[in-house]
Amino acid sequence: MMKQILLAFSIPFATFAYGQPNLLVSELHTVAGDETIASLVGSTEGEAFLHSIESNNQWMHELLDSGPVERGEIVIPFLYSLWKEAPTLMESDAHRSMATACALAMGMRDLDAEWMTDRYLWYRDSWDEGILNIGYGDLNTYERRFIARGLQRPSWTTANALAHLNERVCIPRSQYAKAAWRSPYRGYNAFGDTVQGPMYYMPFKELWGSDAEMAIEVGGVCGSLSHVGAAAAIAAGIPALTMGEPGHCAYAVQTKPHVWQPAYSLSWKRSLHTTMTRPTWPSLELSQIAHLDEATSFEAGDYRREAEWYESQGEIQQANSAWQHAYRVNPYDEALFKGYVQFGKRNKMPRSWWESLSSDIQKSLLPEHPEPAWHLLQTDVFPSLLKDTNMKKRLRVFQTYLSNLDGWRPVRWNIEGAFDWAWKGKKGEVSRKALLDMLLTSLVDDPKLGPAMVVWAMEKVKDDEALAVAFESSLLEQVGGEGEGRAAILSQLARNMLPAAAEEHDLETFQRIGKKASTLYAPRDVAVEPFAGELLSSGGALRIFNPGNRWDSPDKHWGVLEEHGGWFHTDNGDLPWFEVELPKFGNLTGVVLDSRSGQPGRAKGVRVLVSEDGQEWKQVGETKTGKTMQRIDLSATSPRARFVRFERDGSCMHYHRILIYGEPAS
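Taking my numbering, the leading residue of the sequence shown gets 1165, the next gets one more, and so forth.
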């Protein structure tokens, strides 16, 4: 069987009935369902609508190849209703595409048809009037689906809300990542009602034309602010979505063509509220790449339809070949791989077929897209590939995957879930030690993946003394530390991994390793006079200019941001700097700089800059003297920040503590 399939791979492109309109029409009818098609055929208008769409390959492609089509029995009738309501949609590519996106959105969740119709008409008229962002005209149907879908709370993107936000928030496309702050961060309303209770917005419900306008006037916390930011972008015709994070709500905006940017975000652990694939950030980025070029998406879709048709005719070899053509044309479309997996299951393909698919997924997606690759392997491929295999086989397969990784690519993701998968298959100390040794060998030298792996492993072995000792011995050997015992291991681990974690904005790893390492050095015994508010630097991460230089102690970086105290020393250079990433947004009230008594001149002329995103900076203070203990009062302006940077011209800097105070703004 496999030999026959391999021979089929050589079938030339020309032998396929590529682009057959009847296959598009056939899928359209399948998606709609027999009852819907019968209803349309039963009326003159319905037949005219069917003729209009079936005679337009571009329109059918936009409908069928712009992400998943869910509940076609709702999608097609709603698209028909828009066609009847606004027949001019056929006169404009933008209008036709948006109408299709709105219809597809109706299938994604239960939405009110009148709500969606009003929104479509608003976008149609607004584009004709020239009040949408110019980039709206260049969006494809896949991207317009994010606009059509609206947000987690539909009331924030009604036609009235869109009209208000479009007029009120008119800024360059890149600035919509900061639009959340159009709503003030307030935990209590004017009557003292908490935002966590039902009375916060109740007194104001009838005072403004939409929930979005009410939130701008009354205020709110992360959920309302993220909705304001995302809704403002959508009102400009820019794709946006809201997302959940641990204890926080955030959003994302397509700040330039095809590029998504997290906004008001505190964590890589994001669950997207609008998604065409899975609710993870790496899946969003991959899905966007898969739909960069409509011609590519449409061609892959044609091959997929060819494959499904061949299979329906019992031509399994040709179907297999067509599926491979599909995902090779568009290797970034997770849905194509998943469709091919189902094909393999239906036709009971042999283990060699699954091995070939596993290899193709990794060649296509690694090292650039490790999270989607792992999802496809672990969820779709491994259950068949590794069925009835031993633990050594599982370990080899996992090691092959790890060998293809190169950092996070493109963002931090839940690689700990992959480690857990391998761990569950290991029973007993010997097999688990073998897994840990393999992970150390594979990843400990990776400055991005290594720290996360070690933190995960330390958590796994903490209750098994024998395994913990064995792991720590292997770890010490791998990281090149000297001395004996856990203190030496922990100190070397912190020196290696705290700067790497800070560089990757991995606050969780920085905190876990740094806090453990703080037991190895004494707390600072010099009292400080705090500023009003919370110690916002606590729980953050410290980056410095050239960490690990001959004067620096990276293992003590964690303590610098806490009352405990620690030590760091930048290298010399034209513009030495250090930067604190706060664990949440805050309105700053002041900064305490606690330096050593020697070289006081190095504490003079230090500029303090703040940023919300780590990209655009604003100077808010400067040290005028070289005192050992300095207080910079920022209460007059209370600048909002997530990042605080310190720099000076021409010489190094060194401190025991950098304590940043203020009020939380997230």
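Beta carbons are placed, not taken as given, at the ideal position from N, Cα and C, and that holds for glycine. Just so it is clear, the structure is predicted and the values come from calculations on it, not from any experiment.
Beta-carbon spacing of residue i, residue j below 7 Å
{"i": "Arg1308", "j": "Ser1261", "result": "yes"}
{"i": "Met1555", "j": "Ser1606", "result": "no"}
{"i": "Ser1429", "j": "Ala1414", "result": "yes"}
{"i": "Ser1461", "j": "Asp1229", "result": "yes"}
{"i": "His1669", "j": "His1733", "result": "no"}
{"i": "Glu1811", "j": "Leu1739", "result": "yes"}
{"i": "Cys1386", "j": "Ser1830", "result": "yes"}
{"i": "Leu1450", "j": "His1539", "result": "no"}
{"i": "Asn1578", "j": "Glu1458", "result": "no"}
{"i": "Ser1347", "j": "Gly1384", "result": "yes"}
{"i": "Pro1446", "j": "Glu1535", "result": "yes"}
{"i": "Ser1638", "j": "Asp1719", "result": "no"}
{"i": "Leu1456", "j": "His1489", "result": "no"}
{"i": "Ile1736", "j": "Cys1816", "result": "A quick correction: the sequence has Asn, not Ile, at residue 1736. Contact flag set, yes."}
{"i": "Gly1589", "j": "Arg1558", "result": "yes"}
{"i": "Lys1884", "j": "Glu1409", "result": "This structure gives no information on residue 1884, because the portion of the chain shown stretches from 1165 to 1830."}
{"i": "Asn1353", "j": "Val1382", "result": "yes"}
{"i": "Pro1694", "j": "Met1661", "result": "no"}
{"i": "Arg1676", "j": "Val1619", "result": "yes"}
Span separating the alpha-carbon of residue i from that of residue j
{"i": "Asn1568", "j": "Ile1453", "result": "20 Å"}
{"i": "Trp1320", "j": "Asn1330", "result": "13 Å"}
{"i": "Trp1587", "j": "Met1617", "result": "12 Å"}
{"i": "Val1135", "j": "Trp1572", "result": "Here the chain comprises residues numbered 1165 to 1830, so residue 1135 is not present and cannot be evaluated."}
{"i": "Ala1666", "j": "Ala1651", "result": "22 Å"}
{"i": "Phe1807", "j": "Glu1623", "result": "29 Å"}
{"i": "Gly1814", "j": "Phe1742", "result": "14 Å"}
{"i": "Ser1548", "j": "Gly1206", "result": "46 Å"}
{"i": "Leu1657", "j": "Arg1332", "result": "51 Å"}
{"i": "Arg1468", "j": "Lys1512", "result": "19 Å"}
{"i": "Ala1267", "j": "Pro1241", "result": "8 Å"}
{"i": "Ser1388", "j": "Ala1379", "result": "6 Å"}
{"i": "Ala1621", "j": "Thr1441", "result": "30 Å"}
{"i": "Pro1185", "j": "Asn1221", "result": "Residue confidence is low: Pro1185 scores 48 on pLDDT, short of 50, so the model does not pin down where it sits. No coordinate-derived value is stated."}
{"i": "Ala1686", "j": "His1728", "result": "8 Å"}
{"i": "Asp1570", "j": "Asp1610", "result": "8 Å"}
{"i": "Ser1190", "j": "Leu1448", "result": "29 Å"}
{"i": "Glu1293", "j": "Ala1250", "result": "16 Å"}
{"i": "Ala1691", "j": "Val1756", "result": "11 Å"}
{"i": "Gln1360", "j": "Thr1444", "result": "27 Å"}
{"i": "His1215", "j": "Leu1204", "result": "10 Å"}
{"i": "Ser1485", "j": "Lys1551", "result": "25 Å"}
{"i": "His1193", "j": "Leu1530", "result": "37 Å"}
Cβ shell of residue i (< 8 Å), same chain only, five flanking positions each side left out
{"i": "Thr1792", "result": "Asp1758, Ser1759, Arg1760, Ser1761, Pro1764 and Ala1767"}
{"i": "Val1784", "result": "Leu1752, Val1772, Leu1773, Val1774, Leu1798, Thr1801 and Pro1803"}
{"i": "Lys1248", "result": "Glu1209 and Phe1213"}
{"i": "Trp1487", "result": "Tyr1467, Arg1468, Ala1471, Leu1500, Gly1503, Tyr1504 and Phe1507"}
{"i": "Asp1276", "result": "Pro1318"}
{"i": "Val1698", "result": "Reading off the sequence shown, one finds Glu at residue 1698, where the question assumed Val. Excluding positions up to five away in sequence, the list reads Gly1750, Tyr1825, Gly1826, Glu1827 and Pro1828."}
{"i": "Ile1525", "result": "Phe1501, Ala1537, Leu1540, Leu1541 and Val1545"}
{"i": "Lys1369", "result": "Met1378"}
Nearest-angstrom Cβ-Cβ length linking residue i and residue j, presumed shorter than 8 Å
{"i": "Ser1374", "j": "Ala1344", "result": "With 8 Å as the limit, Ser1374 and Ala1344 do not qualify as a contact, their Cβ atoms being about 17 Å apart."}
{"i": "Gly1750", "j": "Arg1795", "result": "Between Arg1795 and Gly1750 the Cβ distance is about 17 Å, and since that is not below 8 Å, they are no contact."}
{"i": "Ala1681", "j": "Trp1722", "result": "6 Å"}
{"i": "Pro1123", "j": "Ser1523", "result": "Any property of residue 1123 remains undetermined from this structure, which presents the chain solely from 1165 to 1830."}
{"i": "Gln1563", "j": "Val1608", "result": "Going by Cβ atoms, the distance from Gln1563 to Val1608 rounds to 14 Å, so no, they are not a contact pair."}
{"i": "Tyr1340", "j": "Ala1396", "result": "6 Å"}
{"i": "Leu1188", "j": "Met1224", "result": "4 Å"}
Other residues of its chain near residue i: CB distance less than 6 Å, five sequence neighbours each side excluded
{"i": "Ala1705", "result": "Ala1666, Leu1671, Phe1674 and Glu1745"}
{"i": "Val1195", "result": "Val1233 and Gly1236"}
{"i": "Trp1286", "result": "Ala1323 and Leu1326"}
{"i": "Ile1238", "result": "Met1270 and Gly1271"}
{"i": "Lys1748", "result": "Leu1430, Pro1828 and Ser1830"}
{"i": "Gly1401", "result": "Leu1296, Asn1297 and Tyr1300"}
{"i": "Ile1398", "result": "Ile1311, Thr1321 and Ala1404"}
{"i": "Trp1715", "result": "His1733"}
Any chain D beta carbon closer than 7 Å to residue i
{"i": "Met1555", "result": "Although the question refers to chain D, the structure presented lacks it and comprises just one protein chain."}
Residues of its chain near residue i, where Cβ-Cβ distance is below 7 Å and the 5 sequence neighbours each way are ignored
{"i": "Lys1597", "result": "Leu1631 and Ala1634"}
{"i": "Tyr1284", "result": "Leu1246, Met1262, Ala1263 and Cys1266"}
{"i": "Glu1475", "result": "Ala1483 and Phe1507"}
{"i": "Arg1337", "result": "Asn1297, Gly1299, Ile1402, Thr1419 and Lys1420"}
Would you call the segment 1270–1283 and the segment 1231–1238 touching, i.e. three or more CB-CB distances under 8 Å?
yes
On the three-pair Cβ rule with 8 Å, is the segment 1357–1370 touching the segment 1298–1314?
no
Would you call the segment 1821–1828 and the segment 1776–1789 in contact, with 3 or more CB pairs under 8 Å?
no
Are the segment 1369–1385 and the segment 1293–1310 in contact at 8 Å, needing three or more beta carbon pairs?
no
At least 3 beta-carbon pairs within less than 8 Å: the segment 1416–1423 vs the segment 1399–1406
yes
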